[in-house]
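Trainee:
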Amino acid sequence: MTEPVTLSFDGPIAVITIDNPPVNALSYAVIEGLRTCFYAFQQSEATGLVIACAGRTFVAGADITTFNDPAFSAAPFNALIAEIEASARPVAAAIFGTVLGGGLELAMACHMRIAHPATKVGLPEVTLGLIPGSLGTQRLPRLAGIETAFEMISSGAPIPAEKAVGHGIIDHLADEPIPAAVHAVAEAVLAGEAPRRASELPIPDADKAADVIAAAKAAADAKPWLPWLAEIANALEAGTVGFAAGEKAEAEGFERLRATAASRALRHIFFAEREAARIPGLSKDVKPRPVKTVGVVGAGTMGGGIAMTFANAGFPVTIIDTTDAALERGLGIIEKNYAGTVSRGRMTEEQMRERMDLITGATGLDALAEADVIIEAVFEDMALKLDIAGKLGEIAKKGAIIATNTSTLDVNRIAEATGRPADSLGMHFFSPAHIMKLLEVVRGDKTSPEVLHTVMTLTKTIKKTAAVSGVCFGFIGNRMTEVYLRETDAMLMEGATPAQIDKVVENPAWLGLAMGPCRMGDMAGVDVMARIVNEWVESGEGPQAPSYRAVCRALFHLGKFGQKTGEGYYTYDGRKPIPNPATDALAKEMAELHHVAPRAHSDEEIFQRLLFPMVNEAALILMEGIAYRPGDVDVVWTSGYGFPAWRGGPIFMADEIGIANVVAAMDRFAETFGNAHGHWTVAPLLRDVAAAGARLSDWRPS
Ligand code: NAD
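So, in structure tokens, the structure goes:
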């Protein structure tokens, strides 16, 4: 194996090069190599040092897997960079690419930073529920000021090189940063300049410190469930006392955070998102098909958003609707959406034009003959979808992939109708499709590995977070949602109010979703939900009990569709939901009709009745092989349904509660309510995991 870190000499200047693909992450081996090379430099006659990287970026951060190691400590690396900073001979970092986290902390310990103009620098640790652990909270305020440091550390967002120069983080820009850094070090040697050590600098905007710290504390108090906010305030405040005090506060805070459920949850999601992109057992010989052009059928809500998603990624898109009027309407909405982005300053007029130019409308399916991928997004009507699938099977070129965006229909039937089921699958986008991160890729029984691989590769290009689902009612996400909505309606019949349920779901002390089920139902449309339930029931596959989702179905029957009709679970003042006594009366009426006994609901019962059956359904989804792995289920929920990432998704959250506790509660509910409809039957997998005292997140199919 080649060494990940090497020392070479450019005349009198030593150059340490880190080469640890893909992103030069700070693994244990890199840190050891850096130490060895730095000590060799100290033993050498070299007059100065440049720290550089091979590959596509300077160090892009720590190796995040090391954070899960109980023996992990930032102390050895921190001591090493302290020695680098203490060097009497000048040291420069030659940086390019994405210089994040530990990468920026290493660079800030050097006396100078010379950057390629396209470099981005940042401290993104908060996205993993952490604060910087290698003195980022101390050196950054001394280089850039406490105000900028607070902004960068609390947002986690990287900033471009030019801005970093303005803030004093980068000394200067150069197209060839390594020779430029060698030159800068040589000049410093000639000039006999004393090394500029960030840890010894005063905080340049110390007069603002009190205000910044007060703002940091206020942010922490407003969201006590995000524990890193208080640690940011604490580390910055300690740093105003002195570097040593700040160093101690940062180290303690980092270690406290590393152990929190919130940080472990965010790290779980970080890895789960990457794993969800992988297809188990895929042979290396399977290569993705080239995709250059895309077709979309249906210029409605979803079709428009899907077309924008592909245009945003640079794909020419042909979008089809039945009439010129429907097409014009669809294209008009796309244009309006882009114009909104332009007016918010997030896109230039020119970019908008470029994207609009990539989208071409047509009224005949023939226009899709050359498309590499075709996504059908017409009305949710099986007869219509089968008809279109058949036509696409005739029109599409050989090797084209034919996808459906159906939310609820049988993807296998639609795939068969194309006459080429190996080339067909589901691509379930979420609304609004150009904004929502999640894409559930629905693998049909006959979808070929090559086609699945092509689509999973494509999802990366269009910057979606993808998870694969097998074919079943609702796929992963909506199948679990159905259970959650079932319990919502059941509790309403028992006398809970929509506001009571929504409050528990929205409370970060319980779940912390942006919107409770009743508010969400009113927004998505009671009619949309009820139609899905009714069709499912009528198909004979759905639950046959007349009490099933009785409140939702009764609201639909009364024409109370939610926000769009001004009344659903709530009434509306504009978009503001107002508790609706008519809903309570309707729920009571349904309860009497279906002999449901009233009961009082504690917040804890509401929480458990919503989350635990969902987790049970997830266990069934795993047992049936619908999801490849537990993390995929959590990814679906955190990227598609607003489940807080700091909760790690429903399965991770249940693991934290303890699966044995989940099972015990399910059994208790079965006793309380009876189990006539099988709603409280515990999935065998869940019972096994509980009996083993294990975590469901760790389960893998054998
Ligand atoms: P929509 O009613 O907004 O749009 C459907 C469009 O299809 C309309 O413009 C209609 O004119 C067009 N259309 C109908 N028949 C056609 C034909 N024969 N050829 C070409 N175009 C035709 O519906 P939507 O909300 O965009 O939903 C589309 C699909 O996406 C459905 O399968 C739906 O279940 C699914 N979906 C919707 C959402 C959502 O939140 N709206 C989310 C995920 C998936």
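Numbering (my numbering), first residue to last: 171 to 872. In this text, a Cβ means the ideal position worked out from N, Cα and C, and glycines have one as well.
(1) Are the CB atoms of T808 and R799 within a distance shorter than 9 angstroms?
(2) Drop a sphere of 10 angstroms on the beta-carbon of Q213, count the other beta-carbons inside from all chains shown, and report buried for 16 or more, exposed for fewer.
(3) Quick check for students: name the residue ranges of the alpha helix (DSSP H) that lie wholly in the segment 531-590, counting only runs of 4 or more.
(4) Taking 8 angstroms as the threshold, find out whether the segment 622-629 comes into contact with the segment 779-790 through three or more Cβ pairs.
(5) Using 8 angstroms for Cβ pairs, my map puts I301 next to E401. What's the rounded Cβ distance?
(6) Could you spell out the range, first to last residue, of the beta strand (DSSP E) harbouring F822?
(7) Determine the extent of the beta strand (DSSP E) in which E610 is found, giving its start and end residues.
(8) The ligand NAD and V852: does any heavy atom of the ligand fall closer than 8 angstroms to the residue's C-beta?
(9) Give me the residue from R613, T307, W869, H598 with the minimum Cα distance to K607.
(10) On the criterion of 16 or more Cβ atoms from any shown chain inside 10 Å, does A770 qualify as buried, or is it exposed?
(11) With Y740 and P678 assumed to form a contact (beta carbons below 8 angstroms), what rounded beta-carbon distance in angstroms separates them?
(12) Since I believe G475 is in contact with S577 (beta carbons under 8 angstroms), could you give me their beta-carbon distance rounded to a whole number of angstroms?
(13) List in chain order: all unbroken beta strand (DSSP E) runs of 3+ residues lying wholly within the segment 407-487.
(14) Could you spell out the range, first to last residue, of the alpha helix (DSSP H) harbouring L763?
(15) Among E255, V832, W850, which residue has its Cα nearest to the Cα of R865?
(16) Given a cut-off of 9 angstroms on the beta-carbon distance, is the pair A216 and F179 in contact?
(17) Starting from K630 and walking both ways along the alpha helix (DSSP H), at which residues does that stretch end?
(18) Check for me: the alpha helix (DSSP H) holding K673 runs from which residue to which?
(19) For the beta strand (DSSP E) that I284 lies in, which residues bound it at each end?
(20) Cβ of R590 within 9 angstroms of Cβ of I565?
(21) Suppose you measure from the CA of V359 to the CA of L452; what does that come to, to the nearest Å?
(22) For D743, name the three-state secondary structure that DSSP assigns.
(23) Let me know if S369 comes out buried or exposed under the rule of 16 or more other beta-carbons within 10 Å of its beta-carbon.
(24) Would R367 be called buried (16 or more neighbouring beta carbons within 10 Å of its own) or exposed?
(25) Using a Cβ-Cβ cutoff of less than 6 angstroms, which residues in the same chain neighbour A350 once the five nearest sequence positions on both sides are dropped?
(26) Given a threshold of 16 other Cβ atoms within 10 Å of its Cβ, counted over all protein chains shown, does I748 qualify as buried or as exposed?
(27) Where does the unbroken beta strand (DSSP E) through T187 begin, and where does it stop?
(28) Beta-carbon within less than 6 angstroms of T268's beta-carbon, same chain only, minus the 5 sequence neighbours each way: which residues are those?
(29) For A431 and E826, what's the separation of their Cα atoms in angstroms?
(30) Do A483 and V466 count as a contact pair if the criterion is CB distance below 9 angstroms?
(31) Taking the C-alpha atoms as reference points, what is the distance between E676 and M650?
(32) Are three or more beta carbon pairs between the segment 398-415 and the segment 373-380 nearer than 8 angstroms?
(33) Since I believe A232 is in contact with G292 (beta carbons under 8 angstroms), could you give me their beta-carbon distance rounded to a whole number of angstroms?
(34) Which of the three DSSP states is assigned to D341 in this structure?
(35) Could you check if N190 is buried or exposed, using at least 16 other CB atoms within 10 Å of its CB as the buried criterion?
Mentor: This is what the structure holds:
(1) No, they are not a contact pair.
(2) In this structure Q213 is exposed. Its beta-carbon is surrounded by fewer than 16 other beta-carbon atoms within 10 angstroms.
(3) 552-565, 581-587, all fully within the segment 531-590.
(4) Counting C-beta pairs closer than 8 angstroms gives fewer than three between the segment 622-629 and the segment 779-790, which falls short of the contact rule.
(5) The Cβ separation is near 5 angstroms, so the contact holds.
(6) Not the beta strand (DSSP E): F822 falls in the alpha helix (DSSP H), residues 819-827.
(7) Residues 608-612.
(8) Not so, every heavy atom of the ligand NAD lies at least 8 angstroms from the Cβ.
(9) Closest by alpha carbon: H598.
(10) With fewer than 16 Cβ atoms within 10 Å of its Cβ, A770 is classed as exposed.
(11) Here Y740 is actually not in contact with P678; their C-beta atoms are around 22 angstroms apart, not less than 8 angstroms.
(12) The Cβ separation is near 14 angstroms, so there is no contact.
(13) Runs found: 464-467.
(14) Membership of L763 in the alpha helix (DSSP H) is indicated by the continuous run 751-763.
(15) For the residues E255, V832, W850, the minimum Cα distance to R865 belongs to V832.
(16) Their beta carbons are under 9 angstroms apart, which means A216 touches F179 by this criterion.
(17) From DSSP, the alpha helix (DSSP H) with K630 extends over 619-631.
(18) K673 -> alpha helix (DSSP H) spans 668-676.
(19) Where I284 is concerned, the enclosing beta strand (DSSP E) stretches over 282-285.
(20) Contact: no.
(21) A straight-line Cα-Cα distance of about 55 angstroms links V359 and L452.
(22) Look at D743 here: in three-state DSSP terms it is strand.
(23) Looking at its Cβ environment, which holds 16 or more other Cβ atoms inside 10 Å, S369 is buried.
(24) R367 is buried by the Cβ-count criterion.
(25) Within the same chain, Cβ atoms closer than 6 angstroms to the Cβ of A350 are found at I284, A344, the five residues on either side in sequence being excluded.
(26) I748 is exposed by the Cβ-count criterion.
(27) Start and end: 183-188.
(28) These residues qualify, in order along the chain: T227, A230, K290.
(29) Cα to Cα, the separation comes out at about 8 angstroms.
(30) V466 places its beta carbon 9 angstroms or farther from that of A483.
(31) Annotation: E676 to M650 spans about 18 angstroms, alpha carbon to alpha carbon.
(32) Flag = yes, the segment 398-415 and the segment 373-380 touch.
(33) Rounded, the Cβ-Cβ distance is 13 angstroms, inconsistent with contact.
(34) It is coil, neither helix nor strand.
(35) Of the residues assessed, N190 falls on the buried side of the cut-off, its CB having 16 or more other CB atoms within 10 angstroms.
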